[in-house]
Amino acid sequence: ITVETLPERFRFEEKLAEDEMVLIGPENHPLADRTRILPIDLSRYPFVLVGSSTEKPGFADIFFHNIGIAPKSLKIVMITESQNLAIKMVKYGIGLSVVSKWAVFRDVREGAVIILKTSQEKILRKFKMIRLEKIPITAAAKAFLQFTQNYSFFVPF
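Note that the sequence shown covers residues 32 to 188 in our numbering.
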């Protein structure tokens with residue numbers, strides 16, 4: 032399973048699910064009452080970013096690019112590979128973060144963090160199952176594919 036795109040000649044991909052990336056802050060954050068947040072508003076606040084050990088841009092980089100912010104202009108106080116750690120740091124007021132809506136669902140429902148509304152369109156990660164086109168799919172992989180394609184991935188907010 033991947034969120035990456037491989038060269039077409041090497042793969043055959045099956046769509047599994049989509050996940051929205053959201054900007055989050057603690058419930059008492061000064062931007063919490065805003066209906067839309069502009070890029071300039073974000074430059075004043077610290078960020079806990081979810082990164083990776085690769086040099087490829089992460090979803091936070093894509094998120095900031097889409098709203099017109101250069102990541103270098105942000106006050107980054109921490110980079111972690113763990114969305115859960117980033118969410119905890121947001122709860123403790125360390126900074127804002129960009130995380131998966133699925134990952135933060137419980138914390139939003141419990142009121143521990145809030146989703147801050149930006150002026151951008153949704154940023155979606157697309158999960159795909161990748162396989163070589165010439166190699167037949169196993170029964171287990173076929174069952175997994177059918178289950179995920181028919182499962183209703185739902186976040187009620």
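The beta-carbon is built from N, C-alpha and C at its ideal position, and this holds for glycine as well.
Query: On the premise that I154 lies in contact with F94, defined as a C-beta separation below 8 Å, what is that separation, rounded to the nearest angstrom?; Result: 5 Å
Query: Which parts of the stretch 61-96 are runs of the beta strand (DSSP E), unbroken and 3 residues or longer, counting only runs that do not cross its ends?; Result: 77-81
Query: Over the uninterrupted beta strand (DSSP E) stretch that includes T111, give me the two end residues.; Result: K106 to T111
Query: Would you say E45 and M160 are within 8 Å of each other, going by their C-beta atoms?; Result: yes
Query: With distance defined between alpha-carbon atoms, name the residue in I55, L47, D50 and F43 nearest to L127.; Result: I55
Query: Going by Cα to Cα distance, which pick from R156, K132 and K157 is closest to K148?; Result: K132
Query: Going by DSSP in three states, I118 sits in which element: helix, strand or coil?; Result: helix
Query: Give me, in chain order, the residues of the same chain whose beta-carbon lies closer than 7 Å to that of G124; leave out the 5 immediate sequence neighbours on both sides.; Result: P57
Query: Measuring alpha carbon to alpha carbon, tell me which residue in Q180, V135, L163 and M109 is nearest F43.; Result: L163
Query: Comparing alpha-carbon positions, which option in L80, V53 and V81 lies nearest I68?; Result: V53
Query: Measure the alpha-carbon distance for L62 versus K122 and round it to whole angstroms.; Result: 15 Å
Query: Leaving aside the five residues before and after Y25 along the sequence, list all residues of the same chain whose C-beta is less than 6 Å from its C-beta, in chain order.; Result: Residue 25 lies beyond the stretch modelled for the chain, which goes from 32 to 188, so this question has no answer here.
Query: Got a sec? Which residues, its chain only, sit under 8 Å from D72 by beta carbon, not counting five neighbours each side?; Result: L62 and R65
Query: Quick one: Cα of Q180 to Cα of A48, how far?; Result: 7 Å
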